[in-house]
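Participant:
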Amino acid sequence: MHSQTPYEITPTTHFGNPLDRFASAVQRPVILPTEIPPGVDWVTLPNGVRTLAYTHPTTPAQIPVTPTQPIPAWAKTTALLAPTVGGGIAAAGIGLSYAAPGLIAMSHALWSAAALVVAAVIAVPVLLRTVRRAATGTGSRSGGATTHITQNITATGLFGRANGTINHH
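Quick note on numbering: the numbering used here labels position 63 of the sequence shown as 65, and the sequence is numbered without any gaps.
Put into structure tokens, the structure is as follows:
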């Protein structure tokens, strides 16, 4: 506990002591820091001389201790759910890795089904038209008459009323 805080100490006055002039020649004992007793510390006097003196014991500043607060329920719930959710995600990944060949086969089957639906949408009207022409005996090859419909529509202005005629030939 070696502080550098200077303390106000008043030295005693010497009234003509004849030994004062030999004070510099006197060998002073050296004290190691480990030999200094508690309550004694190095102080600096107002004239700059450092010496040992009794000091008032200083108590270290107390760190304010905040009382422990209980853990909120949402934090406990989240902490308990985290491993569960992680385990569920891991199990889902393992399940998907085992199901991958089946999923690939199903995706191929779905693409085949989609291609079949598209082919049916295109082929059914063509087949119906062919069957109808064959049943009625009309068509460009059979020499039957075909009906032409023309439509004429006129309108004046941007928001004008439109009029039209339909002609059957």
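Where a beta carbon is used, it is the ideal one built from N, C-alpha and C, also for glycine.
Taking DSSP as the reference, what is the three-state secondary structure of alanine 55?
Facilitator: It is a strand residue.
Participant: What separation, rounded to the nearest whole angstrom, lies between the Cα atoms of isoleucine 96 and alanine 84?
Facilitator: 18 Å
Participant: Out of curiosity, what's the CA-to-CA distance linking histidine 150 and asparagine 169?
Facilitator: Counting only the Cα atoms, asparagine 169 lies some 8 Å from histidine 150.
Participant: How many angstroms separate the CA atom of glycine 88 from the CA atom of arginine 131?
Facilitator: 60 Å
Participant: To the nearest angstrom, report how far apart threonine 138 and proline 127 are at their CA atoms.
Facilitator: Straight-line Cα distance between these residues: approximately 16 Å.
Participant: DSSP on alanine 63, reduced to helix/strand/coil?
Facilitator: Under the three-state reduction of DSSP, alanine 63 is assigned to coil, being neither helix nor strand.
Participant: What are the boundary residues of the alpha helix (DSSP H) that includes histidine 110?
Facilitator: 75–138
Participant: Pull up the distance between the alpha-carbon of valine 119 and that of valine 133, whole angstroms please.
Facilitator: Roughly 21 Å between the two C-alpha positions.
Participant: In terms of residue numbering, what span does the beta strand (DSSP E) encompassing isoleucine 155 cover?
Facilitator: 151–157
Participant: By the 10 Å Cβ neighbour count, where 16 or more other Cβ atoms means buried, how is valine 123 classified, buried or exposed?
Facilitator: exposed
Participant: Taking the alpha-carbon positions, what's the threonine 80 to proline 62 distance?
Facilitator: Straight-line spacing of the CA atoms in threonine 80 and proline 62 works out to 41 Å.
Participant: Give every residue of the same chain whose Cβ lies closer than 8 Å to the Cβ of leucine 54, excluding the five residues on either side of it in the sequence, and list them in chain order.
Facilitator: Ile33, Ile38, Val42, Asp43, Trp44 and Val45
Participant: In this structure, what does DSSP give as the bridge partners for isoleucine 168?
Facilitator: Gln153
Participant: Please say whether threonine 156 and asparagine 165 have beta carbons closer to each other than 8 Å?
Facilitator: yes
Participant: For glutamine 64, which residues in the same chain have their Cβ closer than 6 Å to its Cβ, ignoring the five residues on either side in sequence?
Facilitator: none
Participant: Note the first and the last residue of the continuous beta strand (DSSP E) segment covering threonine 199.
Facilitator: Within the shown structure, residues of the chain are numbered from 3 to 171, placing residue 199 beyond reach of any answer.
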